[in-house]
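For my numbering, count along the sequence shown from 1 and bump the result up by 27.
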Amino acid sequence: MIQRSFLPAMAAVLALSACMQNGVVSSNANIDPISLATAPPGAAPGTCWGKTVSPAVVETVTRKVLLQPAQISSDGRVQAPPIYKSETQQHVVQPRRENWYEVICDATLTPEFLSSVQRALEARGYYRGPITGVMDPRTRSAVRRYQSAEGLDSGTLSIAAARKLGLVAVERTPAA
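This is the structure:
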(Lines of atoms letter the chains of each structure in order from A; the text may use other names.)
(Lines give C-alpha, C1' and ligand atoms only; values in the text may rest on other atoms or scores of the structure.)
Protein backbone atom coordinates (compact mmCIF):
# COMPACT_ATOMS: atom_id res chain seq x y z
CA MET A 28 0.00 0.00 0.00
CA ILE A 29 2.79 2.42 0.87
CA GLN A 30 4.76 1.45 -2.22
CA ARG A 31 1.90 2.40 -4.56
CA SER A 32 1.70 5.99 -3.24
CA PHE A 33 5.48 6.20 -3.30
CA LEU A 34 5.78 5.36 -7.01
CA PRO A 35 3.85 8.37 -8.38
CA ALA A 36 5.82 10.70 -6.09
CA MET A 37 9.10 9.16 -7.23
CA ALA A 38 8.07 9.47 -10.88
CA ALA A 39 7.30 13.17 -10.34
CA VAL A 40 10.70 13.75 -8.71
CA LEU A 41 12.48 12.03 -11.59
CA ALA A 42 10.51 14.03 -14.16
CA LEU A 43 11.40 17.30 -12.44
CA SER A 44 15.03 16.33 -12.02
CA ALA A 45 15.32 15.96 -15.78
CA CYS A 46 15.03 19.75 -15.97
CA MET A 47 17.90 20.20 -13.52
CA GLN A 48 21.63 19.64 -13.78
CA ASN A 49 23.56 19.58 -10.50
CA GLY A 50 20.82 21.55 -8.76
CA VAL A 51 20.91 24.33 -11.35
CA VAL A 52 18.24 25.03 -13.92
CA SER A 53 19.43 23.70 -17.24
CA SER A 54 20.28 25.99 -20.13
CA ASN A 55 17.11 24.89 -21.89
CA ALA A 56 15.02 26.77 -19.33
CA ASN A 57 15.29 30.06 -21.30
CA ILE A 58 16.70 32.04 -18.36
CA ASP A 59 19.19 34.83 -18.99
CA PRO A 60 21.92 34.57 -16.29
CA ILE A 61 22.86 38.24 -16.80
CA SER A 62 19.36 39.33 -15.73
CA LEU A 63 19.79 37.39 -12.46
CA ALA A 64 23.09 39.12 -11.63
CA THR A 65 23.33 41.31 -8.54
CA ALA A 66 26.02 43.57 -10.01
CA PRO A 67 27.10 44.60 -13.50
CA PRO A 68 30.12 42.93 -15.07
CA GLY A 69 33.33 44.50 -13.76
CA ALA A 70 31.76 45.97 -10.60
CA ALA A 71 34.21 46.67 -7.79
CA PRO A 72 34.10 44.13 -4.94
CA GLY A 73 32.13 45.29 -1.91
CA THR A 74 29.90 47.63 -3.90
CA CYS A 75 26.12 47.30 -4.00
CA TRP A 76 24.01 47.75 -7.10
CA GLY A 77 20.43 48.26 -8.16
CA LYS A 78 18.94 47.71 -11.57
CA THR A 79 15.96 49.00 -13.46
CA VAL A 80 14.74 47.24 -16.57
CA SER A 81 12.95 49.04 -19.38
CA PRO A 82 10.95 46.58 -21.45
CA ALA A 83 11.29 46.52 -25.19
CA VAL A 84 8.86 48.67 -27.16
CA VAL A 85 7.30 46.65 -29.95
CA GLU A 86 5.17 48.10 -32.71
CA THR A 87 2.61 45.87 -34.40
CA VAL A 88 1.64 46.87 -37.93
CA THR A 89 -1.22 45.22 -39.81
CA ARG A 90 -1.64 45.92 -43.49
CA LYS A 91 -3.79 44.54 -46.27
CA VAL A 92 -2.06 42.83 -49.17
CA LEU A 93 -3.83 42.48 -52.52
CA LEU A 94 -4.02 38.82 -53.52
CA GLN A 95 -6.28 39.16 -56.55
CA PRO A 96 -7.37 42.41 -58.23
CA ALA A 97 -11.00 43.13 -58.98
CA GLN A 98 -12.36 41.63 -62.15
CA ILE A 99 -14.03 44.35 -64.20
CA SER A 100 -16.11 43.77 -67.33
CA SER A 101 -15.66 45.76 -70.54
CA ASP A 102 -18.62 47.98 -69.63
CA GLY A 103 -16.96 48.93 -66.29
CA ARG A 104 -18.98 46.77 -63.89
CA VAL A 105 -17.24 44.82 -61.16
CA GLN A 106 -17.60 41.11 -61.86
CA ALA A 107 -15.65 39.98 -58.77
CA PRO A 108 -14.37 42.17 -55.92
CA PRO A 109 -10.68 42.27 -55.11
CA ILE A 110 -9.36 39.76 -52.57
CA TYR A 111 -7.11 40.98 -49.79
CA LYS A 112 -5.17 39.26 -47.04
CA SER A 113 -4.27 40.85 -43.69
CA GLU A 114 -0.58 40.63 -42.85
CA THR A 115 0.72 41.48 -39.38
CA GLN A 116 4.35 42.25 -38.57
CA GLN A 117 6.05 43.28 -35.36
CA HIS A 118 9.09 45.54 -35.16
CA VAL A 119 11.20 46.33 -32.10
CA VAL A 120 11.14 50.12 -31.87
CA GLN A 121 13.29 50.27 -28.74
CA PRO A 122 15.17 47.25 -27.35
CA ARG A 123 14.97 46.10 -23.72
CA ARG A 124 17.44 47.99 -21.54
CA GLU A 125 18.99 47.29 -18.17
CA ASN A 126 20.16 50.31 -16.20
CA TRP A 127 22.62 49.49 -13.42
CA TYR A 128 23.23 52.07 -10.70
CA GLU A 129 25.31 51.92 -7.55
CA VAL A 130 23.26 51.99 -4.33
CA ILE A 131 23.90 52.43 -0.64
CA CYS A 132 24.70 49.02 0.86
CA ASP A 133 22.27 47.66 3.46
CA ALA A 134 24.92 47.81 6.22
CA THR A 135 25.09 51.60 5.76
CA LEU A 136 21.32 52.09 5.95
CA THR A 137 21.31 52.65 9.71
CA PRO A 138 18.45 54.48 11.44
CA GLU A 139 20.73 57.52 11.78
CA PHE A 140 21.55 57.53 8.06
CA LEU A 141 17.89 57.01 7.10
CA SER A 142 16.89 59.89 9.40
CA SER A 143 19.38 62.06 7.51
CA VAL A 144 17.86 60.90 4.21
CA GLN A 145 14.38 61.82 5.46
CA ARG A 146 15.55 65.26 6.64
CA ALA A 147 17.37 65.95 3.35
CA LEU A 148 14.30 64.96 1.32
CA GLU A 149 12.05 66.98 3.63
CA ALA A 150 14.26 70.08 3.13
CA ARG A 151 13.81 69.70 -0.63
CA GLY A 152 10.05 69.20 -0.44
CA TYR A 153 9.97 65.49 -1.31
CA TYR A 154 9.24 64.00 2.14
CA ARG A 155 6.40 64.82 4.49
CA GLY A 156 6.05 62.91 7.69
CA PRO A 157 7.82 62.05 10.89
CA ILE A 158 11.57 61.46 10.94
CA THR A 159 11.58 57.76 11.87
CA GLY A 160 14.90 56.46 10.59
CA VAL A 161 13.04 53.66 8.79
CA MET A 162 12.88 53.03 5.04
CA ASP A 163 9.10 52.86 5.10
CA PRO A 164 6.79 53.24 2.06
CA ARG A 165 6.56 57.01 2.58
CA THR A 166 10.36 57.38 2.55
CA ARG A 167 10.75 55.02 -0.43
CA SER A 168 8.14 57.05 -2.34
CA ALA A 169 10.01 60.29 -1.57
CA VAL A 170 13.29 58.71 -2.75
CA ARG A 171 11.56 57.57 -5.95
CA ARG A 172 10.17 61.07 -6.63
CA TYR A 173 13.55 62.70 -5.96
CA GLN A 174 15.44 60.27 -8.20
CA SER A 175 12.85 60.32 -11.00
CA ALA A 176 13.59 64.02 -11.43
CA GLU A 177 17.17 62.85 -12.10
CA GLY A 178 16.05 60.18 -14.58
CA LEU A 179 16.08 57.14 -12.25
CA ASP A 180 12.71 55.55 -11.47
CA SER A 181 13.57 53.60 -8.31
CA GLY A 182 12.76 53.76 -4.62
CA THR A 183 16.22 52.40 -3.74
CA LEU A 184 18.60 55.23 -2.86
CA SER A 185 21.45 55.49 -5.36
CA ILE A 186 24.94 56.65 -4.47
CA ALA A 187 24.56 59.52 -6.96
CA ALA A 188 21.35 60.72 -5.28
CA ALA A 189 22.89 60.38 -1.81
CA ARG A 190 25.87 62.46 -2.96
CA LYS A 191 23.58 65.08 -4.44
CA LEU A 192 21.67 65.18 -1.13
CA GLY A 193 25.00 65.74 0.65
CA LEU A 194 24.83 62.45 2.56
CA VAL A 195 27.80 60.60 1.02
CA ALA A 196 31.25 61.98 0.44
CA VAL A 197 32.12 62.73 -3.15
CA GLU A 198 35.08 60.68 -4.33
CA ARG A 199 38.01 62.81 -5.41
CA THR A 200 40.37 61.89 -8.16
CA PRO A 201 44.04 62.22 -7.18
CA ALA A 202 45.75 65.31 -8.53
CA ALA A 203 48.40 64.59 -11.11
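Where is the CB? At the ideal position from N, CA and C, for every residue including glycine.
Beta-bridge analysis with DSSP links arginine 124 to Ser81. The Cβ-Cβ distance between valine 170 and glycine 160 does not fall below 7 Å. When DSSP states are grouped into helix, strand and coil, glutamate 139 belongs to the helix group. In the structure shown, serine 168 adopts helical secondary structure according to DSSP, grouped into three states. With contacts defined by Cβ atoms closer than 7 Å, proline 82 and arginine 123 form a contacting pair. With respect to glutamine 117, valine 84 sits apart: the two C-beta atoms are not nearer than 7 Å.
Taking all protein chains shown into account, tyrosine 111 has fewer than 16 neighbouring C-beta atoms within 10 Å of its C-beta and is therefore exposed. Here the alpha carbon of isoleucine 186 sits roughly 7 Å from the alpha carbon of valine 195. Of the other Cβ atoms in all chains shown, 16 or more fall within 10 Å of the Cβ of leucine 141; this residue is therefore buried. Taking leucine 148 as reference, the option from Trp76, Thr79 and Arg167 with the minimal CA-CA separation is Arg167. In the DSSP assignment, arginine 90 is bridged to Glu114. The beta carbon of threonine 65 sits closer than 7 Å to the beta carbons of Trp76 from its chain, once the five residues preceding and following it are set aside; these are given in chain order.
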